[in-house]
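A.B. asks: Sharing a structure, written as structure tokens. Questions coming.
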Amino acid sequence: MSDDNATGPESPAPKNDEVIEDAVVVDETTPAETEAVVAVAEPDVAPATDASSRVVYVHVPPAPKKRGNRALGSVIAILSSLVFTGLLALVYALIAYANSGVFTFSFLARAEFFIPTLFFVVGFVLLVLIVNRASWWAFIIGSLLVGFFVYFGSIGLTLVTTGIITSTPADASQQFALALRAPFFIVAALLAREVSLWTGGIISRRGRKVRARNVESREAYERELATTKAEHERAAAAV
35 MSDDNATGPE
45 SPAPKNDEVI
55 EDAVVVDETT
65 PAETEAVVAV
75 AEPDVAPATD
85 ASSRVVYVHV
95 PPAPKKRGNR
105 ALGSVIAILS
115 SLVFTGLLAL
125 VYALIAYANS
135 GVFTFSFLAR
145 AEFFIPTLFF
155 VVGFVLLVLI
165 VNRASWWAFI
175 IGSLLVGFFV
185 YFGSIGLTLV
195 TTGIITSTPA
205 DASQQFALAL
215 RAPFFIVAAL
225 LAREVSLWTG
235 GIISRRGRKV
245 RARNVESREA
255 YERELATTKA
265 EHERAAAAV
């Protein structure tokens, strides 16, 4: 057999231009081609000032103080005790003259005579301190209380000074009953009521003037306060 039949047909050899090699594509970028990023600084913006947050100091006038009538009223009440004591001494001298036919003021040397004066001063001053600037009606009612205070206070203190504590219950009740009917204490109570009533009219008259001045001071203060408030509002609106 020939060599051609022995070997058989030979497979064709691959061509070089038909061979395709796998290629890896790499994106290589040069530094020159990189886009530069430039940071731009924003300008500083000053914070806006809020007009409503401003502090505006406003001078507020002080409120007027209410004036009272206690100090001068107490002085008048104490001075009126001189009138009370003088009237009491005169009436007591007349009572003594009616009983004995002798007109004398020897009772002024006894301390018991001035006990009603003591209670009158205490009672009347307390009344003035309580009513202060009140009208005369307060003294009309209060003078009754001053009279009762002088009456029972004088009886009680006089009986204590004369030794009623050491007496028997029967004697003590008898002494108390006699003291209740004693002209001296009755006259003292009536005079205390009258003197405090009419002197209270003088005190209440001044109290009325004090009230009027307090009202005027308050009205002037409110006007000044309204003016200050208006000026403040205009200043705030102009900002």
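Last residue of the sequence shown: 273 in my numbering, with the numbers rising by one and none dropped. Ideal Cβ positions, reconstructed from N, Cα and C, are used throughout, including at glycine. Only a predicted model underlies this, so the values are computations on that prediction, with no experimental measurement involved.
#1: Which runs of the alpha helix (DSSP H) spanning at least 4 residues fall entirely within the segment 172 to 230, listed in chain order?
#2: Am I right that residue 173 and residue 184 are in contact with their C-beta atoms under 8 Å? What's the rounded C-beta distance?
#3: Smallest Cα separation from residue 159: which of 114, 252, 95 and 97?
#4: Note down, in chain order, each residue of its chain lying with its Cβ closer than 6 Å to the Cβ of residue 271, except the 5 sequence neighbours on either side.
#5: Measure the CB-CB distance between residue 219 and residue 189 and report whether it falls below 7 Å.
#6: Can you say whether residue 58 is buried or exposed, counting buried as having 16 or more other CB atoms within 10 angstroms of its CB?
#7: Taking Cβ to Cβ, would you say residue 222 is nearer than 7 Å to residue 128?
#8: Using DSSP with H/G/I as helix, E/B as strand and the rest coil, what is residue 150?
#9: Suppose the cutoff is 7 Å on Cβ atoms and the five residues either side in sequence are ignored; what does the same chain contact list for residue 191 look like?
#10: Report yes or no: do three or more beta-carbon pairs, one from the segment 203 to 216 and one from the segment 138 to 157, lie closer than 8 Å?
#11: Distance check for residue 230 and residue 106, CA to CA, integer angstroms please.
#12: What residues in its chain sit with their C-beta under 7 Å from that of residue 146, if we drop five residues either side in the sequence?
#13: What did DSSP end up calling residue 278 once you bin it into helix, strand or coil?
#14: Mind checking residue 97: buried by the 16 CB within 10 Å criterion, or exposed?
#15: For residue 248, which of helix, strand or coil comes out of DSSP?
C.D. replies: The relevant details are as follows:
#1: For the segment 172 to 230, whole alpha helix (DSSP H) runs of length 4 or above, ordered along the chain, are 203 to 214.
#2: Between residue 184 and residue 173 the Cβ distance is about 15 Å, and since that is not below 8 Å, they are no contact.
#3: 114
#4: none
#5: yes
#6: Low per-residue confidence applies at residue 58: pLDDT is 44, beneath 50, and the placement is therefore not dependable enough to give any value.
#7: no
#8: helix
#9: 149
#10: no
#11: 15 Å
#12: 192 and 195
#13: Residue coverage of the chain in this structure runs from 35 to 273, which leaves residue 278 outside it and unanswerable.
#14: exposed
#15: helix
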